[in-house]
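Here the structure comes first, spelled out in structure tokens, and everything after it is commentary.
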Amino acid sequence: MGKQETKKIRNVALLGHGSSGKTSLAEAMLYISDGTDRLGKTPDGNTVCDYDAEEIRRGFSLQTAIAPITWKDIKINMIDTPGYLDFVGEVAQGLRVADSAVIVVDGKAGIEVGTELAWDYATDAGIPKAFFINKFDDPEARFRKVFDQLHDRFGVSVCPLVIPMIDGDKVTAFLDLIDMKSYTYNSKGGYGSAEIPEAFIPEAEKYREVLFEAIASTNDELMDKFFGGEEITREEAVLAIHEGILHGEIVPVICGAATKLWGVGNLLDIIEESFPRHTAKGSEKIVTDDGIGELPIEPDGLPSIFVFKTIADPFVGKMSFFKVMQGELKRDAVLKNVTTGQHEKLAHIYVMKGKKQTEVDVLNCGDIGMVAKLSNTNTNDTLTADRPIAYTPIVYPKPYLSMAVLPAAKGDEDKISGGISRLLEEDLTLKFENDAETKQLVLSGMGDIHLDVTVAKLKSRSNVAVKLIAPKIPYRETITKTVQVEGKHKKQSGGHGQYGHVKITFKPGEEDGLTFTESTVGGSVPKNFHPAVEKGLLEAMQKGVAGYPVVRLAADLYDGSYHDVDSSEMSFKMAASLAYKECLKQAKPVILEPVGALYVTVPEDMVGDVMGDLNKRRGRVLGMNPAENKKGYTVVEAEVPKSEMMDYTIALRASTQGRGSFAYEFVRYEEVPANIAQKIIAEAAKDAE
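Under our numbering, residues 895 to 1583 are what the sequence shown spells out, in order.
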């Protein structure tokens, strides 16, 4: 499959809840369009789009895959996205280059959380949508129930194009409401048409009325014809559907069964006839000095591409997936990376069908391709030939589920960072850092499955086995009482001895670290030893009673003594350390814990459950506000200790069925309640053994 005209390219994202059948639908489209010679099945691990070893092992999609299809001289780039919430970053990548979306719905389960999220994602992306109600080979699938749910939840723009003809509990054919024909399908996806049986005409007419009312709403002329009782012609209906889809006034509903190839041809016909091309929106969003601007799409202009995905393949190397945003891209083109300022030569360009690469000489505006081994190019980069413009980047959600990484075998410590860094290139929802305070390597992801997959990839790609444990909380300590103590270091071991003697007033400080002052008189401690006293305190403050760093400490050196021969900087450092230890015994130290601001966005009817859970987590609810641009949702604002947030990603997802989301950021340190402090001290003592 080589060069294709821009007007004959459709980029369609497949969205939906996990296990709704997105990958099976992509496989069916490939099969009936002769893109493959056999119909792969997800349970068998032989589909085109789920080709990664982890996807095959787990039986569901983990990453966005491209499946180009030729249908009636039109190239359709199907963008198959994962349905599980842990991999929402992959969905964001697919939507950034899609020009429309098909939301796949399970005909038995109906609207699920993933259905609602898919609608929101596509709406936020500003692209037209359609529904494919799948799995009508299941006798428990119910069209009327599911369609009514979609119509009620997403509005009157949702209208049927193809509905099932059900005799008892069995689907015997599908009814095309435009042509008023019934279709039956064979094992190759081909179909035969016939007149609708008389017994099913009333049902067809009922849904056809819904369809044509939606069609009529697209313009005044059709509205007059509809309410005047005049017939709307097929040509007028098809054009109105195209325009309605383009402007979001019509969201068509098609139904079928991907694994039986039912309705798949109808869906492809609708995509070919009515779905928008890349140039339909007229312009692309770019980053400007003032924020976000618009750049007209010029198919005949100089080439520019946007890199929306990276795969760190252990055999091919770095693979950069891109969309041609402007002009025509030819092999051997040299483009400038606007982000890095480096020039890159695209010596070979490919189109991808799952993992299969096909080299091409040219790709037109709107098409999707891949180039390998671009050393200075990453996801979200713009490469252009003529002007320093940057397309708006993909915005990734922040990962909040964090685990500490430990090597499973000695000697693998150095390999961990290298292996994970390669995974970070392709997954921008992962975060990896060396926590200087806790001395742990911390990996953060979108959920437990996400981290589990990351560990599995680390093993398979880099041969590094690791285990994940709960990360340490960076507690701190401080004192609550003013005390005067002394420290004396005296040692005689032949020759010069060691002598240092200090008297220090310790009190709670206002600054985060050490506030050191001196008020000695009469040279009791010579000035040249004052820095040593301060240094001794700074070193000692790295550990408090429970082993955590001490903060907010004010120390005033007010007296002491020295020896002309035996005193030294080391002696006064030791004396300061002894004074510090005595301070901890007398000044009533307490443990401080990090506390953060939490913003939880949930449906209004789930606010009570969320607030109850926050109370259990020692959270303080500060207020509630309606969510902006999310009707029916409320934002709960609270402050919660970090130690209580370790599993919140999983807990919130479970309690809200995936509808809730949150943001969390560190605010300050606060004193830990006494009963919890005792547990922390006991655990610290146990770890020190």
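Just so you know, even glycine gets a beta-carbon here, dropped at the ideal spot from N, CA and C.
Around the Cβ of Ile1398, a 10 Å sphere holds 16 or more other Cβ atoms; the residue is buried. Taking Met1435 as reference, the option from Ser1051, Asp1406, Phe1120 with the minimal CA-CA separation is Asp1406.
Runs of the beta strand (DSSP E) spanning 3 or more residues and lying entirely within the segment 1449-1525 occur at 1484-1497, 1514-1520, in chain order. In the DSSP assignment, Cys1053 forms a beta bridge with Pro1146.
Only residues of its own chain outside the window of five on either side were considered, and among them Glu1380, Gly1381, Val1419, Val1427, Leu1451, Gly1454, Phe1466, Ala1469, Ala1470, Ala1473 have a CB closer than 7 angstroms to the CB of Val1396, listed in chain order. By the criterion of a C-beta distance shorter than 8 angstroms, Pro1365 is surrounded in its chain by Ser1296, Met1297, Ala1298, Asp1329, Thr1332, Gln1334, Val1336, Met1540, once the five residues flanking it on both sides are discounted. Across the set Glu1538, Asn1569, Val1529, Gly1083, the C-alpha of Val1529 shows the shortest separation from the C-alpha of Phe1556. In summary, Pro937 is exposed, with fewer than 16 beta-carbon neighbours lying within 10 Å of its beta-carbon over all protein chains present. Between the beta-carbon of Tyr1558 and that of Leu1492 there is about 5 angstroms, and that keeps the pair under the 8 angstroms contact cut. Straight-line spacing of the CA atoms in Glu1412 and Ala1449 works out to 8 angstroms. When C-beta atoms of the segment 1139-1147 are compared with those of the segment 1049-1064, three or more pairs fall below 8 angstroms, so the two segments count as touching. A Cβ-Cβ separation of about 6 angstroms places Leu1277 in contact with Glu1238 under the 8 angstroms criterion. Note on Phe1560: under 16 other CB atoms within 10 angstroms of its CB, so exposed under the neighbour-count rule. For Ala1024, the enclosing beta strand (DSSP E) begins and ends at 1023-1028. The beta-bridge partner set that DSSP reports for Asp1329 consists of Gln1334. With fewer than 16 other Cβ atoms inside 10 Å of its own Cβ, Gln1386 counts as exposed. Shown here, Lys1100 sits in a helix according to DSSP, grouped into three states.
Counting along the chain, no alpha helix (DSSP H) covers Lys1292, and no H or E run does either.
Pairing Lys1573 with Glu984, the inter-Cα distance amounts to about 41 angstroms.
When DSSP states are grouped into helix, strand and coil, Gly1260 belongs to the coil group. The DSSP-derived three-state label of His1395 is strand. In this structure Thr1204 is buried. Its beta-carbon is surrounded by 16 or more other beta-carbon atoms within 10 angstroms.
Leu1162 and Pro976 have their alpha carbons spaced roughly 21 angstroms apart. DSSP, read as helix, strand or coil, puts Ala1088 in strand.
Put simply, the backbone Cα of Glu1307 is about 12 angstroms away from that of Ile1314. Contact annotation: Leu919 and Val998 have beta-carbon atoms nearer than 8 angstroms.
Counting along the chain, the unbroken beta strand (DSSP E) around Ile1186 starts and ends at 1185-1190.
Looking at Ser1177, Ala1088, Thr1286, Asn1258, the one whose alpha-carbon comes closest to that of Asp1184 is Thr1286.
In the three-state reduction of the DSSP assignment, Phe1106 falls in the helix class. Note on geometry: alpha-carbon atoms of Val1484 and Val1439 lie some 9 angstroms from one another. Between Thr1173 and Thr900, the C-beta gap is smaller than 8 angstroms, which places the two residues in contact. Nearest to Lys1029 by alpha-carbon distance, out of Ala1576, Lys1064, Ala1151, is Ala1151. When the five nearest sequence neighbours on each side are left out, the beta carbons in the same chain lying within less than 6 angstroms of the beta carbon of Leu1478 are those of Val1439, in order along the chain. Of all alpha-carbon atoms in Asp1207, Tyr1294, Leu1322, Pro1190, the one lying nearest the alpha-carbon of Ala1266 is that of Asp1207.
Rounded to the nearest whole angstrom, the CA to CA distance from Glu1125 to Pro1170 is 26 angstroms.
Nearest neighbour of Phe1121 by Cα position, chosen from Arg1128, Glu1103, Glu1129, turns out to be Glu1103.
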